[in-house]
Amino acid sequence: MPRGRVLRGRARRGRAAPAAAVRARVARRRRPAPCPRAVAPHGEATSVSAWRWLEERLELGDTLGPLLRHPIPRALEGRIGWAYVLGASILTAFAVQVVSGVALAMTYVPSTESAYDSLRFITDAATLGRVVRGIHWFGASAMVLLLLAHVTRVFLMGAYKYPREVNWLSGSLLFLATALMAFTGQTLRWDQDAFWSLVVGAEQAARTPLVGDWLTRLIVAGDRVGGATLTRVYATHVFLVPAVIGLLALLHVYLVVKRGISEPPRVDEPVDRAYKARYETLILHGVPYFPNAMWRDALAGSVLVAIVLVLAGVFGPPQLGKPPDPGIVVADPRPDWFFIGYFTVLALMPPGAEAILIVGIPLLVVAFLFALPFVRPFGQRHPMRRPFALAAAVFVIGGYAALSAAGAEAYWVPLRSDGAALPAAVTAPLRDDARAGAALFVDRSCWSCHVVEGSGGRRGPDLTHVAARLDHDALVARIANGGPGMPGYAAALGSDDLGKIVAFLLTRR
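For my numbering, add 9 to where a residue sits in the sequence shown, where the first one is 1.
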């Protein structure tokens, strides 16, 4: 190679290093100012860094973004939007149940020997145990109430129609799972009401045609209510049903995002095959869920949690009854308020109708829930254009409320006769056998079901003037042999006590 070319190459290499250093210094002088994170408070910078770290690895934005940005009808920005917070509130109540349930499960002992005592310990001795039980109780009540309100709104607004039939079906399954959760939660108290509620539930299941025996064994976990029953109920309440509710809730949320939130119904817009295309056009002019509607859901959920906490702190959980005693066969268990209307129907149904009503009512409810979207998938949505649907909702809600009010009083439940006595105005004029019969009338629990001069239970007929309509022989026959809704007492009383009670009743003219 010529000497001149070699020297020129060395010269270029010698100039390259200083030139590169100059360009680097210029680039440093022109570098943009530090990003805001560098000058932000330490806590904010840390939180941003943590979020970026998670986002790089989990890509949460790609998952949560569509959920938060999914469009909703613009009409929901108005006051009507408050009617749509029920779904998110139900999820909030379920979260409260999970958290408080886990706290209770840390101490609760699911055995027949210790379940009742462990709840006593939680309520009376454990730190904040009374409050946690109260949170679980009022959270369950809130979840049931909100679910009933949500189902009613969806029904009245016709939101179960095309193309949201599967939304309704998943919501119906959620409704049934919540009812099962409420029933199993009540029985875990393992007091007298809980024990006999399980017995009554097993007896009702046994009346189901074809599968009655199988259902009974499934509930009882054997031939009779005992330790295996409590274990099965505990597993159902703590593991099985919450898992089912969680999966159904995920499905329901997916369907809501996929099919869209139903817009408020309009009188002049029935649902037909073209509805889906009209809804897609409507959504093009909609608004994103976040923040336009999410703030309402967040506010409603916060208010719900605050109300549950206040009620739990002020009122606490429901009182435990007496420990379970299988030897007390006349227990008349009282369910929680969720089922008290159904309890009223069972208590007041006429003799001979048990098999029809006990099986028929649950089947009718299930059939209605699952047949509705297939029977009426199209047509009007506005309640003013569906008078029969509106009347049916008013009838069912009003009827169940009336039954629940009657069940709260429960005049048909025998009164406890411990320490009871007939008024002095009734017993003072009596002599000999009649006076002894008046004492037996109370001691043998006749007073628990029958009124005399305003004193006593109301399950049976008023006996204030019974001698005016029944003579001696008729009274003996009725007490000894029984009648509709009344067992015979010949063996329990004996002829001597029976005669004294009849002598007392013959004075009631």
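C-beta atoms are modelled at their ideal positions from N, C-alpha and C, and glycine is treated no differently.
For residue i: DSSP bridge partner residues
{"i": "Met-495", "result": "Gly-492"}
{"i": "Ser-464", "result": "Val-461"}
{"i": "Ile-81", "result": "Val-296"}
{"i": "Val-280", "result": "Gly-388"}
Residue i and residue j closer than 9 Å at C-beta
{"i": "Leu-308", "j": "Pro-82", "result": "no"}
{"i": "Thr-473", "j": "Arg-444", "result": "no"}
{"i": "Pro-392", "j": "Leu-399", "result": "yes"}
{"i": "Val-435", "j": "Ala-447", "result": "yes"}
{"i": "Met-190", "j": "Ala-149", "result": "yes"}
{"i": "Ile-228", "j": "Thr-187", "result": "no"}
{"i": "Tyr-288", "j": "Gly-269", "result": "yes"}
{"i": "Pro-386", "j": "Glu-174", "result": "yes"}
{"i": "Phe-297", "j": "Leu-73", "result": "Before going further, note that residue 297 is Pro rather than Phe in the sequence given. Not closer than 9 Å, so no."}
{"i": "Pro-570", "j": "Gly-322", "result": "Outside the displayed range of the chain (10 to 518) lies residue 570, so it cannot be described from this structure."}
{"i": "Leu-67", "j": "Leu-329", "result": "no"}
{"i": "Lys-509", "j": "Leu-449", "result": "yes"}
{"i": "Leu-224", "j": "Ala-237", "result": "no"}
{"i": "Thr-353", "j": "Gly-407", "result": "no"}
{"i": "Ala-402", "j": "Thr-161", "result": "yes"}
{"i": "Leu-378", "j": "Leu-257", "result": "no"}
{"i": "Met-495", "j": "Gly-469", "result": "yes"}
{"i": "Gly-388", "j": "Gly-167", "result": "yes"}
{"i": "Gly-361", "j": "Pro-251", "result": "no"}
{"i": "Thr-132", "j": "Pro-326", "result": "yes"}
{"i": "Asn-490", "j": "Ala-500", "result": "no"}
Reduced DSSP secondary structure (H/G/I, E/B, other) of residue i
{"i": "Gly-388", "result": "strand"}
{"i": "Val-118", "result": "coil"}
{"i": "Trp-62", "result": "helix"}
{"i": "Ile-170", "result": "The amino acid occupying residue 170 in the given sequence is Lys; Ile does not appear at that position. Three-state result, Lys-170: coil."}
{"i": "Thr-196", "result": "helix"}
{"i": "Ala-47", "result": "Unreliable placement is indicated for Ala-47, whose pLDDT of 43 sits below 50; the coordinate value is still reported in the next sentence. Ala-47: helix per DSSP, three-state reduction."}
{"i": "Gln-201", "result": "helix"}
{"i": "Ala-376", "result": "helix"}
{"i": "Lys-331", "result": "coil"}
{"i": "Gly-269", "result": "coil"}
{"i": "Ala-443", "result": "helix"}
{"i": "Glu-68", "result": "coil"}
{"i": "Trp-456", "result": "coil"}
{"i": "Ala-483", "result": "helix"}
{"i": "Pro-75", "result": "helix"}
{"i": "Asp-306", "result": "helix"}
{"i": "Leu-472", "result": "coil"}
{"i": "Asp-345", "result": "coil"}
{"i": "Leu-264", "result": "helix"}
{"i": "Thr-516", "result": "coil"}
{"i": "Leu-185", "result": "helix"}
{"i": "Pro-326", "result": "coil"}
{"i": "Pro-382", "result": "helix"}
{"i": "Met-190", "result": "helix"}
{"i": "Met-358", "result": "coil"}
Counting Cβ pairs, one atom from each stretch, are 3 or more of them under 8 Å apart for the stretch 262-272 and the stretch 136-151? no
Would you call the stretch 113-128 in contact with the stretch 182-199, where contact means no fewer than 3 C-beta pairs closer than 8 Å? yes
Length-filtered (4 minimum) alpha helix (DSSP H) runs lying within the stretch 110-157: 124-133
Would the stretch 228-248 and the stretch 364-371 be scored as touching if the rule is three or more Cβ pairs under 8 Å? no
Counting Cβ pairs, one atom from each stretch, are 3 or more of them under 8 Å apart for the stretch 294-309 and the stretch 81-100? yes
Inspect the CB distances between the stretch 205-217 and the stretch 272-284 and report whether three or more fall short of 8 Å. no
What are the start and end residues of each continuous alpha helix (DSSP H) run of 4 or more residues lying completely inside the stretch 207-239, in chain order? 221-229
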